[in-house]
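A.B. asks: Numbering (this note's numbering), first residue to last: 26 to 426. Quick reminder that beta carbons are idealized off the backbone N, C-alpha and C, glycines included.
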């Protein structure tokens, strides 16, 4: 069995490409089932976040598996951005992702939870098996170790803190400012919490399910507002955070145009943390609106966020070690059928030889017969013990995929 990764991320694919493949949580079960049904795919998991879309699969044949999965991911403009990694490279990549080494914000905290969610979704959909279970658990360990044993998580921790940094730059004193948070998923919650911690006083929360908006608003000391009344709250807000799981635009340019006409020239900062994007890209043309999407945040982070080299090196070593542990397990697993056959054949030979021996000793007592049979079994196991370890050691040293 082989581990195969096919995916793209923020380093090589712009947001308008990433959103073509982005899979909200509600659509994951169906997509997992569809990919598991692809010929040659034994296990599959999907890691879909605002910055990446990655399919992890266990396949017998890497070439056939890659071709079949690419065909199943019919996504027009995305195909040329998709890359494939296998076995050691794929395991190392997932461990680096969980450790925050492949994130927009190095060491950011949200990605480890997203890796866990991806694994749990595959388990729930029954599309994960021994290979993916092992590699995801290795990655989760890498993520936890990186954050407890290194300083990789120092500095900005989340996209919410990037949004806070933007607000502080544009709005200066936040104590009398209002934020409108659209969406109450993981990203929306983190962003809202970061803003409140940073001193922003007034929080309005909107969500299609009003009860969920009310719960988050209560936790933040804010107020829930009706999703169908966004227009009036856009007039009041100084900052808008859009982070719903909707696969389409929820905030249109016309709505922002109407709001700006009623704001007496007050500018409005709009931060779109969603992929697919929640805010109409045409909103950039609306006078007074400063729109930032994930690609814009990426550019900001490049200039403002720095992590010390030693922390990166230490986290890289952890990711490498956990990936190596998985590869050792995978290579040993490939020789399990050989070892099982060796035991079956050896035990059959032992049994036949013992029976022939006892046939020539008809007067032997039952107690001695049992002792002779046990001796044969013990000798077989002891002889196979060394052979088994030699086979496993040779498997670990194999360079081939």
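Which residues does DSSP pair with residue 203 in a beta bridge?
C.D. replies: Answer is 227, bridged to residue 203.
A.B. asks: Please report how far the alpha carbon of residue 36 lies from the alpha carbon of residue 44, in whole angstroms.
C.D. replies: Residue 36 and residue 44: Cα-Cα distance of roughly 14 angstroms.
A.B. asks: So, for residue 262: in the same chain, excluding its five sequence neighbours on each side, which residues have a beta-carbon less than 8 angstroms away from its beta-carbon?
C.D. replies: 203, 204, 205, 229 and 293.
A.B. asks: With burial defined as no fewer than 16 other Cβ atoms inside 10 Å of the residue's Cβ, what is the status of residue 77: buried or exposed?
C.D. replies: Buried is the call here.
A.B. asks: So the candidates are 371, 279, 141 and 271; which of them puts its Cα closest to the Cα of residue 303?
C.D. replies: Comparing Cα positions, the closest option is 271.
A.B. asks: Nearest by alpha-carbon distance to residue 313: which of 291, 55, 305 and 322 is it?
C.D. replies: Ranking the options by Cα distance to residue 313, first place goes to 291.
A.B. asks: Give the DSSP-derived three-state secondary structure of residue 426 in the structure shown.
C.D. replies: For residue 426, the predicted structure reports a pLDDT of 47, less than 50, and the residue's modelled location is therefore unreliable. A value from the coordinates is still provided. Residue 426 falls in the coil class under three-state DSSP.
A.B. asks: Alpha carbon to alpha carbon, how far is residue 209 from residue 61? Give it in angstroms, no decimals.
C.D. replies: Looking at the two C-alpha atoms, the distance is approximately 30 angstroms.
A.B. asks: Counting contacts by CB-CB distance shorter than 9 angstroms, is residue 308 in contact with chain B?
C.D. replies: No chain B appears in this structure, which consists of one protein chain only.
A.B. asks: For residue 145, name the three-state secondary structure that DSSP assigns.
C.D. replies: Three-state result, residue 145: helix.
A.B. asks: Evaluate residue 408 with the Cβ neighbour count: other Cβ atoms within 10 Å of its Cβ, from every protein chain shown; 16 or more gives buried, anything less gives exposed.
C.D. replies: Exposed is the call here.
A.B. asks: Can residue 55 and residue 66 be called in contact, C-beta distance under 9 angstroms?
C.D. replies: Cβ distance not < 9 angstroms, so residue 55 and residue 66 don't count as in contact.
A.B. asks: Just reading off the alpha helix (DSSP H) that residue 76 is part of, what are its end residues?
C.D. replies: Looking at the DSSP string, residue 76 is not in any alpha helix (DSSP H), and its letter there is neither H nor E.
A.B. asks: Quick check on this structure: which residue in 315, 159, 215 and 410 has the alpha carbon closest to the alpha carbon of residue 120?
C.D. replies: Residue 120 has its Cα closest to that of 159, out of 315, 159, 215 and 410.
A.B. asks: Note down the Cα distance separating residue 368 from residue 399, rounded to an integer number of angstroms.
C.D. replies: Straight-line Cα distance between these residues: approximately 16 angstroms.
A.B. asks: State the beta-bridge partners of residue 236 as determined by DSSP.
C.D. replies: DSSP output for residue 236 lists no bridge partner at all.
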